[in-house]
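When you line the sequence shown up against mature numbering (1 follows the signal peptide of the UniProt record, and there is no 0), it's residues -27 to -1, 1 to 230, in that order. Ideal Cβ placement from N, Cα and C applies to all residues, glycine included. What follows is a single structure, written as structure tokens, with notes after it.
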Amino acid sequence: MSMLRKAMGVAALAGAAMLSTAGGASAGTGPTGAPTAADTAAIGQVTGAKATLDRLATTKFPGAHQAATANTATADPRTQVAVYEPTAAFVTGASDVPAALAYVAVPARTGDGTTATVWAERQGPAWTVVNVASGDYEQKYAAAAAGGYLLHEPQVNAWYAVRGDSVTVLAGSVTGLAAGTRLSLAEYRAALHERYADKLPGSAYDRDGAGGGYGGRERAVPAAEPGDVSVLPFVLGGVLVVVLAGGAVALPRLRRR
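Next up, the structure:
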């Protein structure tokens, strides 16, 4: 059994008891920030706008092969995938709401025909394109979620389907758990608490700058607004080595900007 698997097991047992005084995660508790019909329309407009298509037309990912024929950069706003991430309040036991909306993914193609994904993020009252990423991972994970909402743990690039009180590990996730493994929300929160509770904003870990800073994010996660602590903000490579039970862990290649 791997060190990470052991760590998650210990967290699920010991952490669940510790968090019980703060109230267990309630079955059926949904995430916050789910896009409304107005949001969906606004996302469609911004991802289909000329500025976005121009950006796609000039985007080239390292290693991408030039298509044999000319292509037109496109984004398909009819297909939108909401991606949620755990909140700091959920990790600490201050809230039973497991996650908040991080970004909405829209499938696209660049000018050279490469499959891509446009990320739209709510910034204040408006929606903004914050990234053009390689691949269509969000679409594939959403299909695998089969009716559940899509939860991303960016610190370890893990993906889950959440349905009511059930958190299911999706194939391709870096969790130390087999695809299809199911945890209750309480068990999942206990594991998160074990990994991250002492690394949240304001902690000694944060003040000491052990992760090298909490500003810019790499491709694997969306950009955070300055001062926004609703989504866990530590994702740098050095942090991941510390978080994963003290063991050096091979991380997946980040998706290209």
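Status (buried if at least 16 other CB within 10 Å, exposed otherwise) for residue i
i    : result
R51  : exposed
D138 : buried
P35  : exposed
K172 : buried
Anticipated Cβ contact below 8 Å, residue i with residue j, distance rounded
i    : j    : result
P59  : A72  : 5 Å
T88  : R82  : 6 Å
P4   : I16  : That belief does not hold up - the Cβ atoms of P4 and I16 are roughly 17 Å apart, past 8 Å.
A48  : T25  : 6 Å
V135 : L124 : 5 Å
P80  : D109 : 6 Å
Distance between residue j and residue i (C-alpha atoms, nearest Å)
i    : j    : result
A106 : W92  : 8 Å
T65  : A164 : 11 Å
L143 : V129 : 13 Å
G21  : Y122 : 24 Å
A116 : A159 : 25 Å
R162 : T148 : 14 Å
A99  : D27  : 20 Å
V102 : V19  : 7 Å
T45  : D69  : 45 Å
Spatially closest choice to residue i from the options, by CA coordinates
i    : options                  : result
G6   : R136, G137, G97 and A116 : G97
R168 : A61, A14, K23 and T47    : A61
L74  : R28, G84, W100 and Y57   : Y57
S119 : P80, T141 and V102       : Per the sequence presented here, residue 119 reads as Ala, with Ser not at that position. Closest by alpha carbon: T141.
R113 : A55, T13, R162 and N44   : Strictly speaking, residue 113 in this sequence is Lys, with Arg absent from that position. The residue with the shortest Cα to Cα distance from K113 is A55.
T32  : D85, V102 and K23        : D85
T90  : W100, V70, T101 and E111 : E111
G153 : D27, Y133, A170 and P80  : Y133
A170 : S157, F63, L156 and P127 : F63
A14  : Q53, N104, A30 and K23   : Q53
Ignoring anything shorter than 4 residues or poking outside the segment 71 to 158, list the alpha helix (DSSP H) runs there in chain order. 110 to 118
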